[in-house]
DNA sequence: GCGCGGCTCTATAACGTTATACAGGTGATG
DNA sequence: CATCACCTGTATAACGTTATAGAGCCGCGC
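Residue numbers (this note's numbering), protein chains in the order written: chain A, 1 to 338; chain B, 339 to 676.
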């Protein structure tokens, strides 16, 4: 169907191998033949058949980014960054949606699909250390976000405990005492939530505030609806909180909605903080204070590490990298940054 | 690296071709040999090398969905649907981000990447009929959303003019008279915006309301920030509108934010309507009235049409399909549905 | 004049799969 | 009993690319 190496070779009057060498620069080619070949390529509009190239080279040039939900703006924003970074390095990034499903994550890990993908960036939700260690597939794996530690793979994440500290310290600093957390999860399989709860507890203790289990609300997932429902439950308590820290911005936005419905003022009655710095939080009413991870750094680092491994480069430094974050003060805690 | 057909053939004591036939069912195989082969496959854990298969078959099993921005929730929600539909039909969907860039759209159209992709679903923004007609690539193309008409390709979209009618009729029904539109664009290259403006004008006329050019605000893009800025400009008018119809939900949400900042009540002072029914609009304060396209239908139809073309099936019926939409009345127009 | 190294370029064998043509055997049919 | 059709299975040629081995040519030094 398409134009192939043979067509170019005929047109330019050279051999197949020479055309290949012009295209790939694998071996030097004389200046005059190079020009003839290049002209033929331009005229016929040749582009290599990646399937065949892969078959021969053993690589496809495809990497995958697997996230628990495409519709979470955090992952969408991360994906945009990762896609452009991958493109800049000559790779195509394929999005995979695990839908936070354990089977889907396992399938990706040592998956049938792996045969067509050079490497995988995975944001795990339902699997842990054991599953990662047990995987058989040989292609490189980079983990992002959630807490699967002590495995022989690169891992890019923020320091969840420290992030929680920063959020709680801020709420304490503006005078809040009954601070709730939304987004704890019952099972032991979602490490990030646990780390964020741990940071929450530690920061409360450091501020000399009591830890009240009633103020820690569990959720099934981490969407707006989950945050809204949990907030409603918290408001139904005899003595509701004067501040809420959400597992992420979506949960916090759900909480904002529940507060508005119930007629509570934010931040006067209840202050709200999230994590992720999704664009949406800059347009809510009130705007949402948040812990902003460096998404650009996470996306770029994950892609670069993965590609470095694929290409067999020696990667120095520790496997686990913690990327920086900042507290962005906005209206939902009453003290917008300048 | 992996286990291949030859390994299985040796193990089972049969020929390569027989193993291939067992795997693909291309030709009948005797019951006893089939079992021996199947056993060998199970024992060695064979899965076919997709690169080689595709080299031979001439197809990769990859289709692409190219959208102007991944971070627009409308496209993220559409992508989730399309990905699962594609997976159900045995294809892998690759996301492409054109970033609303003309060159990126052109590159995809008759693109270098086409060699690795069996077909393309494109949401065009910067290109029109001529560019689509001029494309050389032979792989199937399905257009979604924007208005590129009269081309020999499948096209799935809502009736933009009718959608505008519905929105404006609703605003008129609740008593609004000075209705603004946000999201017109100066260039003639974004058909959807023009169609939505046309519907807006027609509906105004039908309601006996004057068309006031000052109330039609142009934007550079269709994000929250664009909507916010345009709304600010509208409020600066001597006689501001009592209702706003946004090009999409994001623009409308930006308008909500500008209204809140300026201290206007929604819907009492200004009513707001968007298009897309993104989840975010169910959690804004106030919740956002919107025209809800049937995203599931659009995503499924686009994928199915594309795959049908790829597989050479005869597709009957017209090329252009207009999918249904509904008006969802929420707080921003003061009359939530039951 | 001969051998040798360096430089271009070529011929060709893979990579793992699928489709085609064919071989061998068996049973049915004339 | 010969012929034919059928059913299983095999050998092999692609698909388009890249890497390896080597061929031809030129100039240089002995």
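We put the CB at the ideal spot given by N, CA and C, even for glycine.
Inset, instruction - List the residues of chain B whose Cβ lies closer than 7 Å to the Cβ of residue 22 of chain A, in chain order. - result: Reading the first chain from its first residue, position 22 is the one you call residue 22 of chain A. Those within 7 Å of residue 22 of chain A in chain B number zero; the least Cβ separation is about 16 Å.
Inset, instruction - Would you kindly work out how many angstroms separate the C-alpha atoms of residue 204 of chain A and residue 274 of chain A, rounded to a whole number? - result: Reading the first chain from its first residue, position 204 is the one you call residue 204 of chain A. Reading the first chain from its first residue, position 274 is the one you call residue 274 of chain A. About 17 Å.
Inset, instruction - Consult DSSP for residue 279 of chain A and reduce its assignment to one of helix, strand or coil. - result: Here residue 279 of chain A refers to the residue found at position 279 when the first chain is read from its first residue. Helix at residue 279 of chain A.
Inset, instruction - Tell me the start and end of each unbroken beta strand (DSSP E) in the stretch 129-188 of chain A that is at least 3 residues and wholly inside, in chain order. - result: Here the runs fully enclosed are 141-144, 154-158 and 179-184.
Legend entry - Contact with chain A by residue 388 of chain B, beta-carbon distance below 8 Å: The residue you call residue 388 of chain B lines up with position 50 of the second chain. True, the Cβ-Cβ gap to chain A drops below 8 Å.
Legend entry - Straight-line gap, residue 469 of chain B to residue 65 of chain A (C-alpha atoms, nearest Å): Indexing the second chain from 1 puts residue 469 of chain B at position 131. Indexing the first chain from 1 puts residue 65 of chain A at position 65. In a straight line, the C-alpha of residue 469 of chain B is about 32 Å away from that of residue 65 of chain A.
Inset, instruction - Put residue 582 of chain B into one of helix, strand or coil per three-state DSSP. - result: For the purposes of this step, residue 582 of chain B is identified with residue 244 of the second chain, where counting begins at 1. Residue 582 of chain B falls in the strand class under three-state DSSP.
Legend entry - Coil, strand or helix - residue 221 of chain A by DSSP: As a working mapping, residue 221 of chain A is identified with position 221 in the first chain. Coil.
Inset, instruction - Could you tell me the boundaries of the beta strand (DSSP E) in which residue 405 of chain B lies? - result: Taking the second chain and counting its residues from 1, one reaches residue 405 of chain B at position 67. If you look at residue 405 of chain B, you'll find it in the beta strand (DSSP E) that goes 400-405.
Inset, instruction - Following the continuous alpha helix (DSSP H) through residue 199 of chain A, name the residue where it begins and the one where it ends. - result: As a working note, residue 199 of chain A is residue 199 in the first chain. Here the alpha helix (DSSP H) through residue 199 of chain A covers 191-206.
Inset, instruction - Note the first and the last residue of the continuous alpha helix (DSSP H) segment covering residue 51 of chain A. - result: Position 51 of the first chain, counted from the first residue, corresponds to residue 51 of chain A. Residues 50-57.
Inset, instruction - Report the three-state DSSP secondary structure of residue 630 of chain B (helix, strand or coil). - result: Taking the first residue of the second chain as position 1, residue 630 of chain B is located at position 292. The answer is strand: DSSP assigns residue 630 of chain B an E or B state.
Legend entry - chain A within 8 Å of residue 598 of chain B, Cβ atoms only: Residue numbering aside, residue 598 of chain B sits at position 260 when the second chain is read from its first letter. Closer than 8 Å: yes.
Legend entry - Contacts that residue 257 of chain A makes with chain B (C-beta to C-beta distance below 9 Å): As a first step, residue 257 of chain A is located in the first chain; it is residue number 257 there, counting from the start. Result: 620, 621, 622, 623 and 625.
Inset, instruction - Spell out whether any CB of chain B is found under 8 Å from the CB atom of residue 41 of chain A. - result: The residue given as residue 41 of chain A occupies position 41 in the first chain. For residue 41 of chain A, no Cβ of chain B is located within less than 8 Å of the residue's own Cβ.
Legend entry - Delimiting residues of the alpha helix (DSSP H) encompassing residue 342 of chain B: Residue numbering aside, residue 342 of chain B sits at position 4 when the second chain is read from its first letter. No alpha helix (DSSP H) holds residue 342 of chain B; DSSP gives it neither H nor E.
Inset, instruction - Grab me the residues of residue 146 of chain A's own chain with a C-beta within less than 8 Å of its C-beta, minus the 5 sequence neighbours each way, in chain order. - result: Stepping through the first chain from its first residue, residue 146 of chain A is reached at position 146. Around residue 146 of chain A: 123, 124, 125, 157, 190, 191 and 192.
Legend entry - chain A contact for residue 482 of chain B (CB, 8 Å cutoff): Mapped onto the second chain, residue 482 of chain B falls at position 144. Answer no: the Cβ-Cβ gap between residue 482 of chain B and chain A never drops below 8 Å.
Legend entry - Contact set between residue 54 of chain A and chain B, taken where Cβ atoms lie within less than 7 Å: As a first step, residue 54 of chain A must be located in the first chain, where it is residue number 54. Simply 389.
Legend entry - residue 96 of chain A - containing beta strand (DSSP E), residue span: The residue given as residue 96 of chain A occupies position 96 in the first chain. Segment 92-97, the beta strand (DSSP E) holding residue 96 of chain A.
Inset, instruction - Go to residue 591 of chain B, then tell me how far its alpha helix (DSSP H) extends in each direction, as first and last residue. - result: The residue labelled residue 591 of chain B in the question sits at position 253 within the second chain. Note, residue 591 of chain B: alpha helix (DSSP H), 587-599.
Legend entry - Residues from the stretch 302-320 of chain A in contact with chain B, defined by Cβ distance under 7 Å: Within the stretch 302-320 of chain A, no residue has its Cβ closer than 7 Å to any Cβ of chain B.
Legend entry - Proximity test, Cβ basis, 8 Å: residue 90 of chain A and chain B: Taking the first chain and counting its residues from 1, the one referred to as residue 90 of chain A is at position 90. No - not a single Cβ of chain B is within 8 Å of the one on residue 90 of chain A.
Inset, instruction - Using a Cβ-Cβ cut-off of 8 Å, state whether residue 415 of chain B counts as contacting chain A. - result: If you number the second chain from 1, residue 415 of chain B lands on position 77. For residue 415 of chain B, the answer is yes, since a Cβ of chain A falls inside 8 Å of its Cβ.
Legend entry - Cα-Cα separation between residue 594 of chain B and residue 286 of chain A, rounded to whole angstroms: Your numbering for residue 594 of chain B matches position 256 in the second chain. Your numbering for residue 286 of chain A matches position 286 in the first chain. Straight-line Cα distance between these residues: approximately 11 Å.
Legend entry - Same chain, Cβ closer than 6 Å to residue 228 of chain A, neighbours up to 5 away in sequence not counted: Locating residue 228 of chain A in the first chain gives position 228, where the first residue counts as 1. Taken in chain order, the residues that qualify are 254, 257 and 258.
Inset, instruction - Please classify residue 236 of chain A: is it buried, with 16 or more other beta-carbons within 10 angstroms of its beta-carbon, or exposed? - result: The residue given as residue 236 of chain A occupies position 236 in the first chain. When all chains shown are included, residue 236 of chain A counts as exposed.
Inset, instruction - Compute the Euclidean distance between the alpha carbons of residue 249 of chain A and residue 40 of chain A, then round it to the nearest angstrom. - result: By one-based count along the first chain, residue 249 of chain A stands at place 249. By one-based count along the first chain, residue 40 of chain A stands at place 40. The alpha-carbon atoms of residue 249 of chain A and residue 40 of chain A are separated by roughly 54 Å.
Legend entry - Rounded Cβ spacing between residue 456 of chain B and residue 475 of chain B (contact assumed at less than 8 Å): As a working note, residue 456 of chain B is residue 118 in the second chain. As a working note, residue 475 of chain B is residue 137 in the second chain. About 11 Å; that fails the 8 Å criterion.
Inset, instruction - Flag residue 288 of chain B as yes if its beta-carbon sits less than 8 Å from any beta-carbon of chain A, otherwise no. - result: The question about residue 288 of chain B has no answer here: the residues shown for chain B are numbered 339 through 676.
Inset, instruction - Below 8 Å CB to CB, which residues in the same chain sit around residue 92 of chain A once its five sequence neighbours on both sides are set aside? - result: As a first step, residue 92 of chain A must be located in the first chain, where it is residue number 92. 61, 62, 63 and 86.
Legend entry - Reduced DSSP secondary structure (H/G/I, E/B, other) of residue 126 of chain A: For the purposes of this step, residue 126 of chain A is taken as the residue at position 126 of the first chain. Residue 126 of chain A: coil per DSSP, three-state reduction.
Legend entry - Cβ neighbour criterion (16 or more within 10 Å) applied to residue 211 of chain A: As a position in the first chain, residue 211 of chain A is number 211, starting the count at 1. Exposed is the label assigned to residue 211 of chain A, since fewer than 16 other Cβ atoms lie within 10 Å of its Cβ.
Inset, instruction - My understanding is that residue 199 of chain A touches residue 163 of chain A, with C-beta atoms under 8 Å, so please give their C-beta distance in whole angstroms. - result: Position 199 of the first chain holds residue 199 of chain A. Position 163 of the first chain holds residue 163 of chain A. Taking the Cβ atoms as the reference, residue 199 of chain A lies roughly 7 Å from residue 163 of chain A, within the contact range of under 8 Å.
Inset, instruction - Helix, strand or coil for residue 232 of chain A, going by three-state DSSP, please let me know. - result: Residue numbering aside, residue 232 of chain A sits at position 232 when the first chain is read from its first letter. Helix at residue 232 of chain A.
Legend entry - Neighbour-count burial assignment, residue 42 of chain A, 16 or more Cβ in a 10 Å radius: If you number the first chain from 1, residue 42 of chain A lands on position 42. When all chains shown are included, residue 42 of chain A counts as exposed.
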